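As structure tokens, the structure follows; a few thoughts come after it.
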Amino acid sequence: MKKIKELIKGVECVVMSTNNNQIILNIRFKIKPGKKETFRESLFAMISNFKSEPAFVNAIVSDDLDHSDDLVIYEIWQGTRESWIQYELNKPYRAEYEGALTNLIDDRIVSWLEPVGEWGSTLTNVRR
3 MKKIKELIKG VECVVMSTNN NQIILNIRFK IKPGKKETFR ESLFAMISNF
53 KSEPAFVNAI VSDDLDHSDD LVIYEIWQGT RESWIQYELN KPYRAEYEGA
103 LTNLIDDRIV SWLEPVGEWG STLTNVRR
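In the numbering used here, the protein residues as written are 3 to 130.
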């Protein structure tokens with residue numbers, strides 16, 4: 003939790019709105035050698051917890067073919083970065099997951115994205 007909280011310092015939290023805003027988290031994990039399967043199990047368990055959250059839209063987990071110790075998750079959520087931080091970050095199941103990460107990853111790179119176009123599916127609220 004500390005690492006995520008450091009990434010979001012200074013962000014004012016607001017109430018989740020009912021508009022069509024969506025936020026995407028693209029997170030690259032640099033996994034410690036020999037820990038990928040254990041990390042994957044932990045990540046999949048967390049996804050099983052958050053997939054029933056009302057704001058959750060979709061998650062895709064991918065291995066990086068060029069970096070065997072990297073794994074990327076792409077999550078789509080209804081709302082804004084601020085509403086995600088307010089409503090999702092402090093869920094109880096996240097604390098256990100965050101605690102396990104210290105022994106499993108060397109680094110985590112979080113990118114907050116806002117969809118501006120989509121082709122081939124209807125996962126976001128943006129049409130082109």
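Every residue, glycine too, gets a C-beta built ideally from N, C-alpha and C.
These numbers come from a predicted model, not from an experiment.
Residue state for residue 22 is assigned as coil, using DSSP reduced to three classes. Distance from the CA of residue 127 to the CA of residue 24, rounded to the nearest whole angstrom, comes to 7 Å.
According to DSSP, residue pairing for residue 99 in a beta bridge does not occur. Under the three-state reduction of DSSP output, residue 57 falls in the coil class, being neither helix nor strand. The beta carbon of residue 111 lies closer than 6 Å to those of 30 in the same chain, with the five residues before and after it left out.
The beta carbons of residue 74 and residue 125 sit about 16 Å from each other, so the pair does not count as a contact at 8 Å. Look at residue 27 here: in three-state DSSP terms it is strand. Residue 44 is positioned such that its CB atom lies no closer than 8 Å to that of residue 89. DSSP places residue 113 outside any alpha helix (DSSP H); the residue lies instead in the beta strand (DSSP E), whose first and last residues are 107-115. Burial of residue 41 is indicated by the presence of at least 16 other C-beta atoms within 10 angstroms of its C-beta.
Following the DSSP letters along the chain, one finds residue 77 inside the beta strand (DSSP E) bounded by residues 72-80. Minimum Cα-Cα distance from residue 76 among the listed residues 22, 27, 129 corresponds to 27.
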